[in-house]
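Notes follow once the structure below has been shown.
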Amino acid sequence: MKYRWSRFTAYCWALVLSVCLFGCAKEKPQIVEITTNQGKITLQLYEETAEYRKNFVQLVEDGFYDSLLFHRVIPDMIIQGGDPESKHALPGKFLGRGELDYTIQPDFQFVHTYGAVSGARKPDSVNPIKKSSGSQFFIVMGHPVTDRDLDQVEKEKGFKYTPEQRRLYKLVGGIPSFDKEYSVFGEVKDGMNVVKNISRLSSDPNDRPVDDVRMYMKIVDNTHEQ
C-alpha cells in the first residue's frame, strides 16, 4: 500500500509540473513588423489589452493592412494609418473616415508615452464611450513632460498616474492629454527614427503626406526569444 501511494504521489507531482510547464508558461510577446518606403517599424502588442491584440493580429494575418497608407502626420507628434479607404485613394483625397463594421471597447490601462501604439476613434460628439476604430491606429512621439503637466491631467480627468508612469513620461515624453481618451495597446520596439521621418514628410492641408507612405505588415516569429 505504501508503495502504491508513493507512486500515485509521484504521478500527481509530474502532472502538476507538466501543467505549469505547458499551461502556465508566460506567452511570448506578439511582435509585428511594418515595412514602409521610409524603413521598418517593429511593434510589440500588449498581452494585457487582449481584445486589441487579437484584432490587430487577425487583420495582419488577413493581409488587411497591406498597401494601406499612413494618411495623417503631425510632425514629431503622431503618425496615423489603417483607413481601409486609403488603399486606392487618389492624391489629395481626405482620409480618416474609413471604418470596418465594428468598434472596440475602450481600454485605458496604458498611457501615451513616446512610442505608444493607440487606437484612433471618432470624436466624443458621436462616440461618447470612446470606442476605438476596428483598424485605424496611431503612433505617439509627443513632447517633453513635467510633473506639473501630469498633475494638470490628473486634475482634469480625475485619476492618478502610477510612479512608474510618471517616471517614464519624464524620461521619454509623450502626449498625456490623450490618456483616458484613446486606448494604448502596444509600443514601438524599434524604428522610432522611421516614425519621426514619416511625421516630417511634406503634407497637404489635411495632414496627409503628399507622397504616399504605404504599409505592409507581418507577424514576426519570436518563438526562440528568451
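Take the sequence shown: its letters are residues -25 to -1, 1 to 201, numbered as in mature numbering (1 follows the signal peptide of the UniProt record, and there is no 0).
Where is the CB? At the ideal position from N, CA and C, for every residue including glycine.
Pairwise C-beta distances place the segment 123 to 136 out of contact with the segment 89 to 104, as fewer than three of them are shorter than 8 angstroms. Counting along the chain, Ile49 sits inside the beta strand (DSSP E) bounded by residues 43 to 49. Non-local C-beta neighbours of Phe31 in its own chain, meaning closer than 8 angstroms and more than five positions away in sequence, comprise Val7, Leu20, Phe112, Phe160, Gly161, ordered along the chain. Judged by DSSP secondary structure, Lys15 falls within the beta strand (DSSP E) whose first and last residues are 14 to 20. The shortest CA-to-CA distance from Val101 to any of His46, Arg72, Gly149, Leu65 is the one to Arg72. Met52 counts as exposed, since fewer than 16 other beta carbons sit within 10 angstroms of its beta carbon.
In this structure, the beta-carbon distance from Gly117 to Gly148 falls below 8 angstroms. Scanning Lys29, Ala25, Pro50, Asp58 for the CA closest to the CA of Asp41 turns up Asp58.
Where Phe31 is concerned, the enclosing alpha helix (DSSP H) starts and stops at 25 to 36.
Under the three-state reduction of DSSP output, Ser93 falls in the strand class. When secondary structure is reduced to three states using DSSP, Met192 falls in the strand class.
Membership of Ile173 in the alpha helix (DSSP H) is indicated by the continuous run 167 to 174. For Gln140, the enclosing alpha helix (DSSP H) has its first and last residue at 138 to 147.
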